[in-house]
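Novice:
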Amino acid sequence: MLTMHTIITYYGSDVLNIRFRDHSTLEQKLCFIFDYGCIAFFNFTVEEENDMLQLLQPYEEETLPENEREAGTEDIIYVFGTRSQVTNDTVTLASNSTLEKLSIAFAMAQCVKLNIFEERVDKEIEKTRDLPESLAKIGSIGLTRVEMAKKIGKLFIERNNINLHADILDDPEFFWKQDKYKYVYEKLYKYLELNKRVALLNKRLVIMKELFDMISGQLESTHAEKLELIVIYLIVVEVVVAVGWQIFIKDILGFFQHCGR
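Numbering follows my numbering, in which position 24 of the sequence shown is assigned residue number 24; successive positions increment by one, without gaps.
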């Protein structure tokens, strides 16, 4: 359990820092809570992390689904040295500064958030990958209008969720005033290949848009075909009625008129 002296500090409007100091060991434990749902722990045991997560649970707006928990976790080793650098999954910090630790916490939090985005986009693409194949093989998608509309809705929601939160992958505003700590952030950002992964994510979003357009086109095509069938049916009915009426007028009434003479 966390039974230590606590100091809470706000860094702007997007991150909260909670510092714990264990009086028995004098070890400082740091916890950074980001407004987009990521939490970075320094020197916490697994049990202490779980205690902290449980403490924050009442303030959750949306709980991460169980199947995304693994993608939503990243670990990295940090040590202290003469200069800040990143090598072999290890971050070397030039100081024990809370702000320098926050710098690597930003990059790790962005990495975790990107993991979640990638997981969700891959999942949606996987769910719909059979649709283009079906269209190529049989010329249509074997779904009802309601089913296709639901798929369009899900794709649209996922794209919107990612687009609305994509700004968290930009450079944090924190570095506008604390640019001396940006060096280690950029080093870790590059090491985690976040730029390449963001570019790849954007390509996947384009694929999602193409799927969206393809399903929408098929939906409109199916609807148009049904309208054409309805029009053809009405024309056939009209012709049948017209022919029947002509037969009734000319033949049946003509027969009675002939008999009357």
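Yeah, the Cβ is synthetic: ideal placement off N, Cα and C, and Gly gets one too.
#1: Can you tell me whether N96 is helix, strand or coil according to DSSP?
#2: Would you say the stretch 73-80 touches the stretch 166-179, given that touching needs at least three Cβ pairs under 8 Å?
#3: Once you ignore the five residues that flank K187 on each side, which residues in its own chain have a CB closer than 6 Å to its CB?
#4: Pairs of beta-carbons, one from the stretch 28-46 and one from the stretch 104-120, closer than 8 Å: are there three or more?
#5: Give the range of the alpha helix (DSSP H) segment to which A40 is assigned.
#6: How is Y78 classed by DSSP in three states: helix, strand or coil?
#7: Does the beta-carbon distance from S84 to E74 come in below 9 Å?
#8: Is A40 near the ligand GDP, with its Cβ less than 8 Å from a heavy atom?
#9: Can you tell me whether DSSP reads N88 as helix, strand or coil?
#10: Below 8 Å CB to CB, which residues in the same chain sit around L201 once its five sequence neighbours on both sides are set aside?
#11: So F32 packs on N17, CB below 8 Å; how close in whole Å?
#12: Quick check: L93 and V184, are their CB atoms within less than 9 Å of each other?
#13: Is it right to say P172 is buried, meaning 16 or more other beta carbons lie within 10 angstroms of its own, or is it exposed?
#14: Alpha carbon to alpha carbon, how far is K196 from D130? Give it in angstroms, no decimals.
#15: Tell me whether the beta-carbon of L155 lies closer than 9 Å to the beta-carbon of F212.
#16: Among the candidates Y59, T45, R21, D89, whose CA atom is the shortest distance from the CA of E193?
#17: E158: which of M214, K209, T45, I215 sits nearest, CA to CA?
#18: Would you kindly check if the distance between the Cβ of S216 and the Cβ of I152 is under 9 Å?
Specialist: Reading from the atomic positions:
#1: coil
#2: no
#3: V86
#4: yes
#5: Element bounds for A40: not the alpha helix (DSSP H) but the beta strand (DSSP E), 39-42.
#6: strand
#7: no
#8: Of ligands this structure carries none, so the ligand GDP is not represented either.
#9: coil
#10: L114, F117, E118, V121, I162
#11: 5 Å
#12: yes
#13: buried
#14: 27 Å
#15: yes
#16: D89
#17: K209
#18: yes
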